[in-house]
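Comments concern the structure below.
2 protein chains.
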Amino acid sequence: MKDGPDIARIAALIGDPARANMLGALMTGKALTATELAHEAGITPQTASSHLRKLLEGGLVRLRGQGRHRYYALSGADVAATLESLMGLAAGRGHLRTRTGPRDAALRKARVCYNHLAGERGVMLYRSMITKKLLIETDDDVGLTPMGERFADAFGIDLAALRAKRAPLCRPCLDWSAREHHLAGSLGRAMLSRMESLGWLDRQPESRVIRFTAKGEAAFDARFSA
Amino acid sequence: MKDGPDIARIAALIGDPARANMLGALMTGKALTATELAHEAGITPQTASSHLRKLLEGGLVRLRGQGRHRYYALSGADVAATLESLMGLAAGRGHLRTRTGPRDAALRKARVCYNHLAGERGVMLYRSMITKKLLIETDDDVGLTPMGERFADAFGIDLAALRAKRAPLCRPCLDWSAREHHLAGSLGRAMLSRMESLGWLDRQPESRVIRFTAKGEAAFDARFSA
DNA sequence: TCCATGTTTCGACTATTGTCGAAGTATGAA
DNA sequence: TTCATACTTCGACAATAGTCGAAACATGGA
Chain E
1 MKDGPDIARI AALIGDPARA NMLGALMTGK ALTATELAHE AGITPQTASS HLRKLLEGGL
61 VRLRGQGRHR YYALSGADVA ATLESLMGLA AGRGHLRTRT GPRDAALRKA RVCYNHLAGE
121 RGVMLYRSMI TKKLLIETDD DVGLTPMGER FADAFGIDLA ALRAKRAPLC RPCLDWSARE
181 HHLAGSLGRA MLSRMESLGW LDRQPESRVI RFTAKGEAAF DARFSA
Chain W
1 MKDGPDIARI AALIGDPARA NMLGALMTGK ALTATELAHE AGITPQTASS HLRKLLEGGL
61 VRLRGQGRHR YYALSGADVA ATLESLMGLA AGRGHLRTRT GPRDAALRKA RVCYNHLAGE
121 RGVMLYRSMI TKKLLIETDD DVGLTPMGER FADAFGIDLA ALRAKRAPLC RPCLDWSARE
181 HHLAGSLGRA MLSRMESLGW LDRQPESRVI RFTAKGEAAF DARFSA
């Protein structure tokens, strides 16, 4: 069986605990420096440097040098999707962390997935926008309906600016905890950022956990509960 | 970053070349014996036994003992989906096999993906069934329309028997080479098997490659080219 | 210029683990 | 029972690769 792409190479790349932790930290979508990633993984900067070079050569991360800092980020949404897929397998097989702390429950509720909202609330948002015909699923993709465009505008999102970028506006992204889709793409990112500036939620530093404020929870439910 | 499921564990499991080859061989959906898998991976039976135990403990494969043979198979469609996702990453990053033989082109054209048709022809089939309104995509899933039921019946597929099983009838499955969906689920399996018994195609032993016969190619194009 | 900080390279150590030979267990057939 | 086949366990070897200390390199600020 020497057919197809070399799957073992990238799987081995993800398979080291230190590198997996780094990739997990990058799932927030933010770019992090080498030392920050070393701290996240619990290793020294030298070791982290070696790992990051391998991830870079493997094409899993992208590098943006800025002065004496070197910012690493996931190289694309497809990497994030594959990582989520692996998390789904691990979770489904009962291979959770040795210690499942209180953060685990918080993660299932709401978390950042490559800069957009994931977890129960992310799925809730997606489902609500589908049933309200703000989003429509076509073939493999999702798209904004005319009604959805008006909604986004009223929600305070500059669609024209988003469309100017190359990145796709809407993307479905599979959720490892809920096993349903949530909204990714530049619109997904913009909506999370908008909710943050509205004071609906707090993003915990150095973690994927998202905590909704009381006000935010009420406002979210009012709009997206059905 | 100690959040979420333990992704490194399963990634490391897939990350060994011998195990990756075994999993690749199991992507046909057929159950294989330990020695067959050893041969596929190019290792001795002793080594294969050790690997298979790890895959079993990791929950990636399922074991069905039968006499003195032990048949291994992928534990579920989610494993196959994750493997395809990894193949997509590897292919997209240019990390193909060192030697891309002629089988690679054949794989892109038509192959078995966990017992259903994948590759260009698989995507073709899926797209055709969508545009002809035989299938309809709803939310995350796909379903058969009334017109689709009549079509399946005329094609010689026993829908009632398929529905009696627990497995979902239709499932979209992302294709690593075409980056589009093709049809999985028990209907996908049944259609591939029906095409085989119609003499449209030959499944090569011990490989994922599917070769269409001249007659089968013509018949397939006549029905699913648009 | 000098110093502090972020990052990488080098070298050596260690642990892990994939590998196979040899022997042992289990199943089925004669 | 005896033999053959399928598979596993055990033990030992070797190679890979993750780890860190020490030192070098690069950048920015004073």
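So the sequence lines, in the order shown, correspond to chains E and W.
Mapping the first sequence onto the UniProt record's numbering, position 165 (from 1) lands on 165, and the numbers just tick up by one.
Mapping the second sequence onto the UniProt record's numbering, position 202 (from 1) lands on 202, and the numbers just tick up by one.
For every residue, glycine included, the Cβ atom is placed at its ideal position computed from N, Cα and C.
Bear in mind that the values here come from a model prediction, so they are computed numbers and not experimental data.
#1: Starting from residue 153/E, trace the beta strand (DSSP E) in both directions and tell me its first and last residue.
#2: Is residue 86/W near residue 82/E, with beta carbons less than 8 Å apart?
#3: Can you list, in chain order, the residues of its chain with a C-beta nearer than 6 Å to that of residue 187/E? Leave out the 5 residues immediately preceding and following it.
#4: Are residue 12/E and residue 72/E touching if we call contact CB-CB under 8 Å?
#5: Report, in whole angstroms, the separation of the C-beta atoms of residue 22/E and residue 41/E, which I expect to be a contact under 8 Å.
#6: Taking residue 82/W as the query, report the chain E residues whose CB atoms sit under 9 Å from its CB, ordered along the chain.
#7: Is residue 147/E buried or exposed, if buried means 16 or more other CB atoms sit within 10 Å of its CB?
#8: Within the same chain, show all residues whose beta-carbon is closer than 7 Å to that of residue 79/E, passing over the 5 residues directly before and after it, in chain order.
#9: For chain W, find out if any of its Cβ atoms is closer than 8 Å to the Cβ of residue 16/E; answer yes or no.
#10: Looking only at its own chain, which residues have a Cβ that is under 8 Å from the Cβ of residue 145/E, when we skip the five neighbours before and after it?
#11: Thinking residue 114/E and residue 181/E are a contact (beta carbons under 8 Å), I'd like their distance in whole angstroms, please.
#12: Under 8 Å, Cβ to Cβ, is there at least one residue of chain E near residue 93/W?
#13: If we call anything under 8 Å between Cβ atoms a contact, is residue 112/W one with residue 185/W?
#14: Distance check for residue 189/E and residue 159/E, CA to CA, integer angstroms please.
#15: Could you tell me the alpha carbon to alpha carbon distance between residue 138/E and residue 130/E, rounded to whole angstroms?
#16: Cβ of residue 119/W within 8 Å of Cβ of residue 107/W?
#17: Quick one: is residue 168/E near chain W, going by C-beta distance under 8 Å?
#18: Let's test the definition: count the other Cβ atoms within 10 Å of the Cβ of residue 197/W and tell me whether it reaches 16, buried, or not, exposed.
#19: Take the Cβ of residue 230/E as the centre, count every other Cβ of all protein chains shown within 10 Å, and call the residue buried at 16 or more, exposed below.
#20: Am I right that residue 50/E and residue 34/E are in contact with their C-beta atoms under 8 Å? What's the rounded C-beta distance?
#21: So with Cβ pairs under 8 Å, would you call residue 217/E a contact of chain W?
#22: At what residues does the alpha helix (DSSP H) containing residue 130/E begin and finish?
#23: In whole angstroms, give me the CA-to-CA distance for residue 156/E and residue 77/E.
#24: Does residue 156/W get closer than 8 Å to chain E when you measure Cβ to Cβ?
#25: For residue 20/E and chain W, any beta-carbon pair shorter than 8 Å?
#26: Determine which residues share a DSSP beta bridge with residue 202/W and list them.
#27: Measure from the alpha carbon of residue 16/E to the alpha carbon of each residue in 52/E, 6/E and 46/E, then state which is nearest.
#28: Just to check my reading of the structure: residue 172/E and residue 142/E have Cβ atoms closer than 8 Å, yes? What is that Cβ distance to the nearest angstrom?
#29: Given a cut-off of 8 Å, decide if residue 7/W and residue 90/E are closer than it, judged by their beta-carbon atoms.
#30: Does the Cβ-Cβ distance between residue 214/W and residue 128/W come in under 8 Å?
#31: Comparing alpha-carbon positions, which option in 74/E, 66/E and 224/E lies nearest residue 151/E?
#32: Tell me whether residue 69/W counts as near the ligand MN, meaning its Cβ is closer than 7 Å to at least one heavy atom of that ligand.
#33: Can you check whether the C-beta of residue 24/E is within less than 8 Å of a C-beta belonging to chain W?
#34: Beta-carbon separation of residue 55/W and residue 9/W under 8 Å?
#35: CA-CA distance, residue 123/E and residue 183/E?
#36: Tell me the start and end of each unbroken alpha helix (DSSP H) in the stretch 5-41 of chain E that is at least 4 residues and wholly inside, in chain order.
Taking the definition as stated:
#1: From DSSP, residue 153/E is part of no beta strand (DSSP E) but of the alpha helix (DSSP H) over 146-154.
#2: Yes. Within cutoff.
#3: Non-local C-beta neighbours of residue 187/E in its own chain, meaning closer than 6 Å and more than five positions away in sequence, comprise 169 and 170, ordered along the chain.
#4: The answer is no: Cβ separation not under 8 Å.
#5: By a beta-carbon distance limit of 8 Å, residue 22/E contacts residue 41/E. Their separation comes to about 5 Å.
#6: What residue 82/W touches in chain E: 82, 85, 86, 88 and 89.
#7: Residue environment for residue 147/E: exposed (fewer than 16 other C-beta atoms within 10 angstroms of its C-beta).
#8: Answer for residue 79/E: 60, listed in chain order.
#9: The beta-carbon of residue 16/E is placed less than 8 Å from the nearest beta-carbon of chain W.
#10: Non-local beta-carbon contacts of residue 145/E in its own chain, meaning distances under 8 Å to residues more than five positions away in sequence, involve 133, 134, 135 and 136 in chain order.
#11: Between residue 114/E and residue 181/E the beta-carbon gap is near 14 Å, outside 8 Å, which marks them as no contact.
#12: So yes, residue 93/W belongs to the interface.
#13: Taking 8 Å as the Cβ cut-off, residue 112/W and residue 185/W do not qualify as a contacting pair.
#14: Going by the C-alpha atoms only, they are around 12 Å apart.
#15: C-alpha of residue 138/E to C-alpha of residue 130/E: approximately 12 Å in a straight line.
#16: A contact, by the Cβ cut-off of 8 Å.
#17: Not one chain W Cβ lies under 8 Å of residue 168/E.
#18: Residue burial annotation: residue 197/W is exposed, with fewer than 16 other C-beta atoms found within 10 angstroms of its C-beta.
#19: Outside the displayed span of chain E (1 to 226) sits residue 230/E, for which this structure offers no information.
#20: A Cβ-Cβ separation of about 11 Å leaves residue 50/E out of contact with residue 34/E under the 8 Å criterion.
#21: Not an interface residue.
#22: In this chain, the alpha helix (DSSP H) harbouring residue 130/E covers 120-131.
#23: It is roughly 25 Å from the alpha-carbon of residue 156/E to the alpha-carbon of residue 77/E.
#24: No, no contact with chain E.
#25: Chain W, which has a Cβ nearer than 8 Å to the Cβ of residue 20/E, makes this yes.
#26: For residue 202/W, which the question treats as bridged, DSSP gives the partners 211/W.
#27: Among 52/E, 6/E and 46/E, the Cα nearest to that of residue 16/E belongs to 52/E.
#28: That belief holds up - the Cβ atoms of residue 172/E and residue 142/E are roughly 5 Å apart, short of 8 Å.
#29: Residue 7/W is positioned such that its CB atom lies closer than 8 Å to that of residue 90/E.
#30: No, Cβ-Cβ distance for residue 214/W and residue 128/W is not below 8 Å.
#31: Of 74/E, 66/E and 224/E, the residue nearest in Cα terms is 224/E.
#32: Ligands displayed in this structure: none; no statement on the ligand MN is therefore possible.
#33: With 8 Å as the cut-off, residue 24/E counts as an interface residue toward chain W.
#34: Taking 8 Å as the Cβ cut-off, residue 55/W and residue 9/W do not qualify as a contacting pair.
#35: When rounded, the distance between both Cα atoms is 8 Å.
#36: The stretch 5-41 of chain E contains these whole alpha helix (DSSP H) runs: 7-15, 17-26 and 34-41.
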